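Please read the structure below before turning to the comments.
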Amino acid sequence: MSDIHPETDDRVPPLLRVGRFLKDNPLIPLIGFLILLIGILEVMRPGILSPFWAGNMIKFAIPLAMLAAAQVLTMLTGGIDLSVGIVATSAAFVTATLTPLIGPFPAMAVAMAVGALVGLVNGFGAGIARVHPLIMTLGTGLIATGCLQVYQRFVIATGSDIPDILEWLGTGRTAGLPNGVFLFLPFAAFILWVMRFSGFGRLLFALGSNETAAKLSGVRAWQVLIALYVLSGLIAALTGLLYLGMIRAPSLSLAVPLVLPSVAAAVIGGTSIFGGRGSFAGAIVGALILRVIDTMLTLARMPEGARIALFGLIILAVTALYVRFTETR
Amino acid sequence: MTIDPDPDLLLDARGVAKSFGAVRALTDASLSIARGEVVALLGANGAGKSTFVKILTGALKPDAGHVRIRGAETRVGSPAQARRSGLVPVYQEPSLVPDLDIADNLRLGGTDRDAFQHWMEALAHPDLTLDAVVRDLPLATLRIVDLARALAAKPDVLLLDELTAALPTDLVERVLKVARAQAEDGRGVIYISHRFSEIAALCDRATVLRDGRSVGEARIEPGVEERVVELMLGAKIDLGKRAAEIARPKPEGRPRLAVQGLAVAPKLKDASFTLHPGEVLGVVALEGQGQDELFEALAGFRQPAAGSIEVDGAPARFGHPADAIAAGLSFVPGDRAHALFRERSVRENIAMPFSARMRNWGPLRLRHEKARVAEAIARLQIDTRAQGEVQRLSGGNQQKVTIGRWLAHGVRTLLLFDPTRGIDVRTKRQIYPLVRDLADRGAAILYYTSELEEVPLACDRAIVMFNGRVVDIVEATEADEARLMRAAYGLTATEGAA
Chain A
386 MSDIHPETDD
396 RVPPLLRVGR
406 FLKDNPLIPL
416 IGFLILLIGI
426 LEVMRPGILS
436 PFWAGNMIKF
446 AIPLAMLAAA
456 QVLTMLTGGI
466 DLSVGIVATS
476 AAFVTATLTP
486 LIGPFPAMAV
496 AMAVGALVGL
506 VNGFGAGIAR
516 VHPLIMTLGT
526 GLIATGCLQV
536 YQRFVIATGS
546 DIPDILEWLG
556 TGRTAGLPNG
566 VFLFLPFAAF
576 ILWVMRFSGF
586 GRLLFALGSN
596 ETAAKLSGVR
606 AWQVLIALYV
616 LSGLIAALTG
626 LLYLGMIRAP
636 SLSLAVPLVL
646 PSVAAAVIGG
656 TSIFGGRGSF
666 AGAIVGALIL
676 RVIDTMLTLA
686 RMPEGARIAL
696 FGLIILAVTA
706 LYVRFTETR
Chain B
5 MTIDPDPDLL
15 LDARGVAKSF
25 GAVRALTDAS
35 LSIARGEVVA
45 LLGANGAGKS
55 TFVKILTGAL
65 KPDAGHVRIR
75 GAETRVGSPA
85 QARRSGLVPV
95 YQEPSLVPDL
105 DIADNLRLGG
115 TDRDAFQHWM
125 EALAHPDLTL
135 DAVVRDLPLA
145 TLRIVDLARA
155 LAAKPDVLLL
165 DELTAALPTD
175 LVERVLKVAR
185 AQAEDGRGVI
195 YISHRFSEIA
205 ALCDRATVLR
215 DGRSVGEARI
225 EPGVEERVVE
235 LMLGAKIDLG
245 KRAAEIARPK
255 PEGRPRLAVQ
265 GLAVAPKLKD
275 ASFTLHPGEV
285 LGVVALEGQG
295 QDELFEALAG
305 FRQPAAGSIE
315 VDGAPARFGH
325 PADAIAAGLS
335 FVPGDRAHAL
345 FRERSVRENI
355 AMPFSARMRN
365 WGPLRLRHEK
375 ARVAEAIARL
385 QIDTRAQGEV
395 QRLSGGNQQK
405 VTIGRWLAHG
415 VRTLLLFDPT
425 RGIDVRTKRQ
435 IYPLVRDLAD
445 RGAAILYYTS
455 ELEEVPLACD
465 RAIVMFNGRV
475 VDIVEATEAD
485 EARLMRAAYG
495 LTATEGAA
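Top to bottom, those sequences are chains A and B. Going by this note's numbering, the first residue of the first sequence is number 386, and it counts up by one from there. Going by this note's numbering, the first residue of the second sequence is number 5, and it counts up by one from there.
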């Protein structure tokens with residue numbers, strides 16, 4: 386008698402086996418898909434592939450991948466953070482407007498504190514009041530949007546300035562690579578470490594996998610959730626700082642369009658919205674894939690509206706397809 | 005005793021069998037009800053009673069056998085069809101929509117209002133207004149509402165499943181009276197209860213299920229309890245050496261755990277006992293006698309309404325399982341699905357408590373963790389061929405993982421809730437000596453089991469619970485199954501308790 390679950394049996398239909406392979410090694414088909422897309426791009430516009438183009442693609446994928454990190458971490462527990470867009474925007478706006486008043490580093494510190502504060506409220510709602518994170522983060526996002534508009538009226542006369550360090554990170558290049566990687570590589574290493582080699586990361590998987598079992602093991606979910614959403618808010622604020630350096634024009638909706646792609650990048654990268662399963666490496670590839678698709682649409686010279694609509698459609702299609710392949714049971 | 009095919013039978017179920025995957029819940033169950041009869045359906049935990057009820061009421065389809073109602077060859081296909089053909093069940097948990105008022109609930113089921121009011125009066129609840137919302141009503145009232153609704157449907161066969169559990173005495177009496185009146189009216193009643201006093205007062209006949217078979221019937225007459233207990237027990241297979249035969253000194257000194265007058269809503273009313281280091285204390289009870297509440301309160305999942313818990317002589321309050329764990333109480337729940345992270349590895353499942361506290365949220369101590377996990381795996385002989393995901397392990401190995409978690413963490417007081425439920429005999433034989441060994445090394449173990457034959461195999465003493473109270477304490481050497489079974493049915497200390 387075999388003690389192994391019949392799922393590991395060899396007699397499974399080929400499609401299911403492909404699905405299982407994708408589930409066990411989600412990065413391989415993802416990278417294949419990315420290369421395929423780049424190939425199509427080269428066919429559409431021969432000669433487009435260059436180190437400069439690659440650097441540009443990476444540069445704009447970085448903020449998306451960072452916000453996707455916030456989604457991966459929250460989705461591991463079965464949650465989501467939809468406030469990341471407005472938090473990143475607020476952080477950028479606060480930094481730009483406070484820099485002339487109190488100097489670049491105190492301004493950035495205030496911006497990070499804003500991220501942590503929104504995260505704390507999210508964590509309180511999700512962890513203690515047990516509001517669903519979807520509703521909670523939408524709500525705090527809306528509150529933050531309102532606060533930002535009020536704040537704008539107070540600082541309308543002070544002007545804005547962008548700290549040099551952020552401009553260097555956002556626009557500079559070193560040996561062809563965007564300087565953003567100097568922020569992103571340590572960031573990615575930290576997130577990967579948290580997920581694989583820290584007790585906190587293990588608890589994120591545990592809460593998403595089976596909250597009762599986590600409780601039984603002595604895990605106090607509210608502590609984990611508060612820490613998680615504060616971390617998510619900090620990640621969003623940090624992304625806002627980098628994005629400010631890239632775009633160099635603070636506005637009240639700077640990073641908001643990145644929210645849906647950040648969720649999509651996480652899901653394409655193999656993170657389950659139901660919790661318990663997720664990969665940040667996958668989300669990074671997912672962010673690159675979305676950037677390439679965006680380039681393709683730009684190249685197709687479509688009107689702005691059609692481009693946005695098609696981008697939304699493609700995100701849904703790719704996500705649905707990928708989920709269909711890997712969640713076959 | 006067999007009954008010939010008889011068109012006058014209201015209900016005739018024969019040779020009913022049902023398997024769930026590899027598990028045979030029923031092999032050959034039969035039940036018949038003649039006009040004017042009240043029949044008790046009895047069986048120990050796991051005998052297949054609830055599966056049989058589900059088949060009778062059409063919630064499950066049998067693999068073999070048939071269910072005839074009023075002699076007609078109609079095979080029950082769905083709960084609605086069973087209802088139409090004349091069999092109406094009333095369960096312990098009322099089947100009413102909580103957010104609607106009574107009138108709407110009656111409308112949903114197409115119940116005749118006047119008939120319903122008539123039965124409410126018969127059950128002495130005439131003052132209930134129909135616009136009361138179900139959610140706001142006490143459970144006892146809801147059961148009466150559910151019963152009146154069932155009676156209003158003029159059922160040929162009324163099935164009452166543990167309806168009187170936790171019902172006040174006066175209501176129990178009225179329920180029994182109404183049920184008796186049904187029979188006198190030429191209808192039939194199937195009565196399921198753990199209380200012999202009620203069965204003796206109400207029923208004509210008892211039919212007993214054991215291991216998925218109907219093993220016999222008994223007329224209700226004085227002394228029938230003995231015969232029924234005998235039928236429920238049957239002959240048992242040998243599971244291993246009796247722990248009780250090994251000489252062991254009586255526990256003395258300060259108890260590890262002292263529980264005094266513990267009451268936990270909804271079912272635990274009054275539990276007192278002590279548990280010493282080195283001791284395995286069995287808990288014996290039929291389903292729903294408060295043992296779930298007892299274990300969950302000791303594990304920090306529920307808050308007691310009254311009473312005290314002392315650990316090593318100091319009063320303890322557990323607001324969260326983390327508090328219980330900090331006090332050295334580790335809980336292995338009866339349902340493995342509650343304890344396991346299905347898609348995570350064996351190692352992670354076992355090591356989870358290491359990371360639970362905030363001061364351990366930093367770097368994993370991988371070497372320490374691997375050593376402790378490997379030790380637990382070796383000690384429990386967990387088959388690790390599929391250790392990447394716990395859900396790929398067999399049930400027995402999954403159960404070992406839930407126990408292994410606390411071995412790796414270090415056991416002071418272990419709360420095992422039916423640890424051998426649904427696992428194979430070989431694994432069971434590994435678990436008894438392990439429990440013994442843990443106790444010998446100074447652990448205190450509380451061991452609830454739904455299988456009476458385990459008590460002398462694994463325990464030193466056993467407390468028996470009935471109706472939310474500890475009613476008896478039995479030494480393992482005297483813990484023959486008949487005595488435990490009688491006590492579990494409330495036949496010794498609190499006979500006739502309601």
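Ideal placement from N, C-alpha and C gives every residue a C-beta, glycine not left out. Note that the structure is a prediction, hence the values are computed from the model and not measured.
- The way I'd put it, the region 142 to 162 of chain B does touch the region 112 to 119 of chain B; three or more beta-carbon pairs between them come closer than 8 Å.
- Exclusion of the five residues before and after A:V648 leaves Q456 as the residues of its chain whose Cβ lies within less than 6 Å of its Cβ.
- Leaving aside the five residues that flank B:G304 on each side, the residues in its chain whose CB is nearer than 6 Å to its CB run, in chain order, F322, H324, P325, D327 and A328.
- Collapsing the DSSP output to three states places B:D165 in a strand.
- Apart from the 5 residues on each side of it in sequence, A:A511 sits with its Cβ closer than 7 Å to the Cβ of G464, P518, M521, L610 and Y614 in its chain, given in chain order.
- With fewer than 16 neighbouring CB atoms inside 10 Å of its own CB, B:K65 falls in the exposed class.
- The three-state reading of DSSP puts A:L639 in coil, since its state is none of H, G, I, E or B.
- Around the beta carbon of B:W410, 16 or more other beta carbons sit within 10 angstroms, so the residue counts as buried.
- Listed in chain order, the beta strand (DSSP E) elements of length 3 or more contained wholly in the region 123 to 203 of chain B are 161 to 165 and 192 to 196.
- Not a single C-beta of chain B is nearer than 8 Å to the C-beta of A:L589.
- Taken residue by residue, none of the region 413 to 444 of chain B has a beta-carbon sitting less than 8 Å from a beta-carbon on chain A.
- Contact check for A:F659 and A:D679: beta-carbon distance about 28 Å, past the 8 Å limit, so the pair fails to qualify.
- Cβ atoms of B:F56 and B:V20 come within 8 Å of each other, at about 7 Å.
- Only residues of its own chain outside the window of five on either side were considered, and among them G565 and F569 have a CB closer than 6 Å to the CB of A:I447, listed in chain order.
- Using a CB distance below 8 Å, no part of the region 676 to 699 of chain A faces chain B.
- Residues of chain B whose Cβ lies closer than 8 Å to the Cβ of A:F567 do not exist, since the nearest Cβ in that chain is about 24 Å away.
- Burial is judged here by how many other beta carbons sit within 10 angstroms of a residue's own beta carbon; B:E300 has at least 16 and is buried.
- Listed along chain B are A360, each with a C-beta nearer than 7 Å to that of A:V604.
- Apart from the 5 residues on each side of it in sequence, B:V377 sits with its Cβ closer than 7 Å to the Cβ of R351, I354, A355 and A412 in its chain, given in chain order.
- DSSP places B:I477 in the strand class (E or B) of the three-state scheme.
- Cβ contact annotation for B:Q96 (same chain, cutoff 7 Å, sequence separation greater than five): D165, E166, L167 and A169, in chain order.
- Between the C-alpha atoms of A:M451 and A:V644 there is a straight-line separation of about 11 Å.
- Residues of chain A whose Cβ lies closer than 7 Å to the Cβ of B:E347 are, in chain order, S594, G661 and R662.
- The Cβ atoms of B:R416 and B:A447 lie closer than 8 Å to each other.
- Against A:S583, the close residues of chain B are S359, W365, G366, P367 and L368, in the order they occur along the chain (beta-carbon pairs closer than 9 Å).
- In the structure shown, B:E352 adopts helical secondary structure according to DSSP, grouped into three states.
- Distance from A:P571 to A:I443 at the Cβ level is roughly 16 Å; contact not present, criterion being Cβ atoms closer than 8 Å.
- With the rule of 3 Cβ pairs closer than 8 Å, the region 498 to 512 of chain A counts as touching the region 469 to 483 of chain A.
- Taking 4 residues as the minimum length, the alpha helix (DSSP H) runs contained wholly in the region 375 to 449 of chain B are 399 to 413 and 429 to 444, in order along the chain.
- Distance from the CA atom of A:A481 to the CA atom of A:G424, rounded to whole angstroms, is 39 Å.
- Per DSSP, the continuous alpha helix (DSSP H) segment holding A:L421 begins and ends at L412 to M429.
- B:F345 is positioned such that its CB atom lies closer than 8 Å to that of A:A598.
- Less than 8 Å separates the beta-carbon of B:I194 from that of B:I37.
- For A:R676, the enclosing alpha helix (DSSP H) begins and ends at F665 to L684.
- When CB distances to chain B are screened at a threshold of 7 Å, not a single residue of the region 450 to 478 of chain A falls below it.
- At a Cβ-Cβ threshold of 8 Å, A:L684 and A:P646 do not count as neighbours.
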